[in-house]
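Here's the structure we're looking at; comments come further down.
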Amino acid sequence: MNKQPIGIFDSGVGGTSIWKEIHALLPNEDTIYLADSINAPYGPKGKKVITDFCIKNTELLLNKGCKLIVVACNTATTNAIDLLRDLYDVPFIGIEPAIKPAALRTITSAVGILATEGTLSSELFHRTSNLFTKNIQVVEQIGDGIVELIESGKLHSEEMKSLLKIYLNPMIAANIDYLVLGCTHYPYLIPILVELLPNHVKIIDSGEAVARQTKAVLEKQDLLNTQESIVKLQFFTNGNPNIMESLLPNKLQIEYLRF
Ligand code: DGL
């Protein structure tokens, strides 16, 4: 089992930001990444639809022999991870917005969070947020349209910049000092966000924490691949492979797969 791959899925290409953290921390592990781009964005869809997509993605990864599954999508995690854990025996690692560290570190007592509608309206997000943000102001913003622009190759477009300006303005007005990125597509926005935000605002996401948690669970369950050999890194998308290719290091093969 130790030599089996880690499975990673997202509604699209965003979860590659998590794949990068996992591969950096666990370079001996084979990985299979699945981008359900044809169904992106998950954010505006209801819990039932999101859950069905997650089941389909999980079963595909399990059929390919994955030993652990990383749900590299905040929307999928906050809506479906409890059910996935009930349904399947393999360990699941999820990702949630890093609201706790932001709430603990803020000096201005105001933090911003940019995430999808599906994440911000989820019970899991509300539970975590209520626990840690009692005495601070949280400026929540749904990132409508951002995932669509990234999925269509318009990451570095004027359209993106204008949209982000609109979303950041209320946060800047509220004097936030932390911006939490609650969607795995958003780390790709960091260079644009840095340009638009005042210097003192720190941006945080959960990518590194997910990689650390993945390692910890593999260790605990004795599933780590400790053998040094040439790793197999597979990427599948049911969308346009060129978009994913533009976000990944050269030489990685991206295959179109109908699912
Ligand atoms: N990467 C997904 C997330 O982390 C995007 C969700 C979507 O497709 O709307 O939430």
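In numbering that gives the first Met the number 0, the protein residues as written are 0 to 258.
Backbone N, C-alpha and C fix where the C-beta goes; we use that ideal spot for every residue, glycine too.
Small disclaimer: the values here were computed from a predicted structure and weren't measured.
| Query | Result |
| --- | --- |
| Backbone CA spacing between V138 and A210 [nearest angstrom] | 27 Å |
| Span separating the alpha-carbon of H22 from that of K133 | 36 Å |
| C53 Cβ short of 6 Å to the ligand DGL heavy atom set | no |
| Same chain, Cβ closer than 8 Å to V110, neighbours up to 5 away in sequence not counted | I98, A101, A102, T132, I135, Q136, V137, V138, I175, D176, Y177, L178, V179 |
| Own chain, CB closer than 7 Å to H199, minus 5 neighbours either side, in chain order | D176 |
| Limits of the unbroken alpha helix (DSSP H) element including K201 | Premise fails: K201 lies in the beta strand (DSSP E), 201–203, not in any alpha helix (DSSP H). |
| Cα-Cα separation between V12 and A34, rounded to whole angstroms | 6 Å |
| Inter-residue CB distance, I31 and Q233 (contact presumed, cutoff 8 Å) | 5 Å |
| L24 versus T115 - alpha carbon distance | 27 Å |
| Top-ranked residue by Cα proximity to A172, from F235, T107, K214 | T107 |
| Nearest-angstrom beta carbon gap, K219 and F195 [assumed within contact, 8 Å] | Looking at the sequence provided, one finds Leu at residue 195 rather than Phe. Actually they do not touch by this definition, with Cβ atoms about 41 Å apart. |
| Expected contact under 8 Å - CB spacing of G6 and T74 to nearest Å | The Cβ separation is near 18 Å, so there is no contact. |
| Supposed contact pair I49 and N78 - C-beta distance, whole angstroms, cut 8 Å | 5 Å |
| Backbone CA spacing between V146 and S161 [nearest angstrom] | 15 Å |
| Residue closest to L247, alpha-carbon to alpha-carbon, out of S16, P4, N237 | S16 |
| Cross-strand partners of I111 (DSSP beta bridge) | Looking at the sequence provided, one finds Gly at residue 111 rather than Ile. DSSP output for G111 lists V138, L178 as bridge partner(s). |
| Between the CA atoms of E157 and D88 - distance to the nearest angstrom | 45 Å |
| Distance between beta carbons of G144 and A71, contact taken as under 8 Å | Wrong, their Cβ atoms sit about 21 Å apart, outside the cutoff. |
| The ligand DGL heavy atom lying under 6 Å from the CB of V48 | no |
| Rounded C-alpha distance that separates N249 from I112 | 32 Å |
| Distance cut-off 6 Å: N73 Cβ against heavy atoms of the ligand DGL | yes |
| Integer Cβ distance of G238 from E150, believed to fall under 8 Å | 7 Å |
| Local Cβ density within 10 Å of P4, reported as buried at 16 or more and exposed below that | buried |
| Separation of P96 from I191, as counted between CA atoms | 20 Å |
| C-beta contact flag for T57 and L83 at 7 Å | yes |
| Beta-ladder partner(s) of F234, from DSSP | Y32, I253 |
| Between the CA atoms of M170 and T105 - distance to the nearest angstrom | 14 Å |
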